[in-house]
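**Q**
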Amino acid sequence: MISSNCQMGQGSASVKISDADFEMIRDFIYSHCGIYMNASKKYYLENRLSRRMCATGIKSHEEYGKLLRDGVRGKEELRHLLNELTTTETRFFRIMPQLSAMENRFLPEIVEAKQKIGFRKIRVWSAGTSSGEEPYTLAMILLEKMATILKGWTVEVIGTDINETILAKAREGIFNGYAVRNMPEYYRKKYFLEENPERYVLSQEVKKLVTFSHLNLYDDSRMVFMKSFDFIFCANVLIYFDESSKAKVVQHFYNNLLPYGYLFVGQSESLHGVNDRFKTVHFPGGFAYRK
Ligand SMILES: C[S@@+](CC[C@H](N)C(=O)[O-])C[C@H]1O[C@@H](n2cnc3c(N)ncnc32)[C@H](O)[C@@H]1O
Numbered sequence: 035m036i037s038s039n040c041q042m043g044q045g046s047a048s049v050k051i052s053d054a055d056f057e058m059i060r061d062f063i064y065s066h067c068g069i070y071m072n073a074s075k076k077y078y079l080e081n082r083l084s085r086r087m088c089a090t091g092i093k094s095h096e097e098y099g100k101l102l103r104d105g106v107r108g109k110e111e112l113r114h115l116l117n118e119l120t121t122t123e124t125r126f127f128r129i130m131p132q133l134s135a136m137e138n139r140f141l142p143e144i145v146e147a148k149q150k151i152g153f154r155k156i157r158v159w160s161a162g163t164s165s166g167e168e169p170y171t172l173a174m175i176l177l178e179k180m181a182t183i184l185k186g187w188t189v190e191v192i193g194t195d196i197n198e199t200i201l202a203k204a205r206e207g208i209f210n211g212y213a214v215r216n217m218p219e220y221y222r223k224k225y226f227l228e229e230n231p232e233r234y235v236l237s238q239e240v241k242k243l244v245t246f247s248h249l250n251l252y253d254d255s256r257m258v259f260m261k262s263f264d265f266i267f268c269a270n271v272l273i274y275f276d277e278s279s280k281a282k283v284v285q286h287f288y289n290n291l292l293p294y295g296y297l298f299v300g301q302s303e304s305l306h307g308v309n310d311r312f313k314t315v316h317f318p319g320g321f322a323y324r325k
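Under this note's numbering, the first residue of the sequence shown is numbered 35, with each subsequent residue one higher.
(1) Report buried or exposed for residue 162, applying the criterion of at least 16 other Cβ atoms within 10 angstroms of its Cβ.
(2) Please name the residue in 233, 312, 270 whose C-alpha comes closest to that of residue 285.
(3) To the nearest angstrom, how far is it from the Cα of residue 144 to the Cα of residue 156?
(4) What three-state label does DSSP hand residue 200 in the structure shown?
(5) Buried or exposed for residue 181, going by 16 or more other Cβ atoms inside 10 Å?
(6) Using a Cβ-based criterion (distance less than 8 Å to any ligand heavy atom), does residue 258 qualify as near ligand 1?
(7) Would you list, in sequence order, the uninterrupted alpha helix (DSSP H) runs of no fewer than 4 residues that lie entirely inside the stretch 174-238?
(8) Any idea if residue 104 is buried or exposed, counting beta-carbon neighbours within 10 angstroms, 16 or more meaning buried?
(9) Would you tell me roughly how many angstroms separate the C-alpha atoms of residue 272 and residue 53, rounded to the nearest one?
(10) My output table needs one value for residue 308: the three-state DSSP class, helix, strand or coil.
(11) If you draw a straight line from the alpha carbon of residue 230 to that of residue 262, how long is it in whole angstroms?
(12) Could you check whether residue 275 and residue 216 sit closer than 9 Å to each other, using their CB atoms as the reference points?
(13) Taking the alpha-carbon positions, what's the residue 291 to residue 241 distance?
(14) Between residue 116 and residue 195, what straight-line distance do the alpha-carbon atoms span, to the nearest angstrom?
(15) Quick check: what's the CA-CA separation for residue 153 versus residue 293?
(16) Rounded to a whole number of angstroms, what is the C-alpha to C-alpha distance between residue 277 and residue 308?
(17) For residue 206, count neighbouring C-beta atoms within 10 Å of its own C-beta (all shown protein chains included) and say buried if the count is 16 or more, exposed if not.
(18) Given 8 Å as the limit, tell me if residue 161 has its C-beta closer than that to any heavy atom belonging to ligand 1.
(19) With a threshold of 16 other CB atoms inside 10 Å of the CB of residue 164, please say whether the residue is buried or exposed.
(20) Can you give me the Cβ contacts of residue 214 inside the same chain, cut-off strictly under 8 Å, excluding the 5 residues immediately before and after it?
Now the structure itself:
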């Protein structure tokens, strides 16, 4: 039975999920995007499903499971469900040691090597980009370099995510006070128009370096086309994956990087036991993986 909250359009249907339905829907989600939910996530999933059951007017988890399997309708519904399920916490300049290692050590190395072969292009990918703070941070850092070592170079930053709602927000490039709270003042003043303390509008100069697109990291057919990156940042995304789905995605990253390209993961993440083809490169406050 669906609660009155849902009928009143308040967005929460309270239907208890059985263990069998939890496993059926959990496994379906896992097989499509690699996100794995163990038994401790049962009530989290129940809560998120309730919103979709409200929106679709479906009254049982079994029926909802059937909708997910229903061809084009199912695909569309899965997109909505994933928008509800994904954790999108992010911020500007989130992992400073990584950013300064990229800016001051790895980027100059790559620029020098590419300079020698006359290939003046840098490509950076923020995989699991959320509302855009990460790729825009990278774009601002690279933009600064376009006055010096990247003068005359082409710079491309790609942000991808499975959550379409958050991508729409990323494309807008408008942020609140909370989002910009830890940003170095230099960048905030230079690249944002502060319309009021709750509305910061990112400059076109930064926005035009970044392209966003919808991409499920677990989708092999799309991942093989992500080519020729110098840097991949995939922070705080693979924590939602199990070992085998992580291994699959990380192998793609390896193939997506140019020789000597770098992969950065979150501060509490590692590729230990997941992929041994990368070389670990340490720097003050962290490490990166080099192809
Ligand atoms: C916690 S945010 C991390 C944002 C940013 N990388 C950072 O560290 O600040 C995780 C993002 O990964 C995305 N995500 C989760 N599973 C994904 C998948 N299979 N494919 C693509 N993106 C995924 C989520 O939608 C979410 O926006």
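All C-beta atoms in this analysis are idealised placements derived from N, C-alpha and C, irrespective of residue type, glycine included.
**A** Based on what the coordinates show:
(1) As a position in the sequence shown, residue 162 is number 128, starting the count at 1. Looking at its Cβ environment, which holds 16 or more other Cβ atoms inside 10 Å, residue 162 is buried.
(2) For the purposes of this step, residue 285 is taken as residue 251 along the sequence shown, with counting starting at 1. Selected option, being the one with the closest Cα: 312.
(3) Here residue 144 refers to the residue found at position 110 when the sequence shown is read from its first residue. Here residue 156 refers to the residue found at position 122 when the sequence shown is read from its first residue. Distance between the alpha carbons of residue 144 and residue 156 is about 9 Å.
(4) Along the sequence shown, read from residue 1 onward, the residue named residue 200 stands at position 166. Three-state result, residue 200: helix.
(5) If you number the sequence shown from 1, residue 181 lands on position 147. Answer is exposed; the Cβ neighbour count stays below 16.
(6) Residue 258 sits at position 224 when you count from the first residue of the sequence shown. Every heavy atom of ligand 1 is 8 Å or more from the Cβ of residue 258, so no.
(7) 198-206, 219-225
(8) Translated into the one-based positions of the sequence shown, residue 104 becomes position 70. Classification for residue 104: exposed.
(9) As a working note, residue 272 is residue 238 in the sequence shown. As a working note, residue 53 is residue 19 in the sequence shown. Distance between the alpha carbons of residue 272 and residue 53: 25 Å.
(10) For the purposes of this step, residue 308 is taken as residue 274 along the sequence shown, with counting starting at 1. Correct three-state label for residue 308: coil.
(11) For the purposes of this step, residue 230 is taken as residue 196 along the sequence shown, with counting starting at 1. For the purposes of this step, residue 262 is taken as residue 228 along the sequence shown, with counting starting at 1. If I take the Cα positions, the gap works out to 40 Å.
(12) The residue you call residue 216 lines up with position 182 of the sequence shown. The residue you call residue 275 lines up with position 241 of the sequence shown. No; because the gap between Cβ atoms is not below 9 Å, this pair is not in contact.
(13) Counted from its first residue, the sequence shown places residue 291 at position 257. Counted from its first residue, the sequence shown places residue 241 at position 207. Going by the C-alpha atoms only, they are around 23 Å apart.
(14) Taking the first residue of the sequence shown as 1, we reach residue 116 at position 82. Taking the first residue of the sequence shown as 1, we reach residue 195 at position 161. When rounded, the distance between both Cα atoms is 11 Å.
(15) Counted from its first residue, the sequence shown places residue 153 at position 119. Counted from its first residue, the sequence shown places residue 293 at position 259. For residue 153 and residue 293, the distance between alpha carbons rounds to 14 Å.
(16) Start at 1 with the first residue of the sequence shown, and residue 277 comes out as number 243. Start at 1 with the first residue of the sequence shown, and residue 308 comes out as number 274. Approximately 7 Å between the Cα atoms of the pair.
(17) Taking the first residue of the sequence shown as position 1, residue 206 is located at position 172. It counts as exposed.
(18) Position 127 of the sequence shown, counted from the first residue, corresponds to residue 161. Checking the Cβ of residue 161 against ligand 1 gives yes.
(19) Translated into positions along the sequence shown, residue 164 becomes position 130. With 16 or more Cβ atoms within 10 Å of its Cβ, residue 164 is classed as buried.
(20) Position 180 of the sequence shown, counted from the first residue, corresponds to residue 214. Taken in chain order, the residues that qualify are 126, 222, 226, 234.
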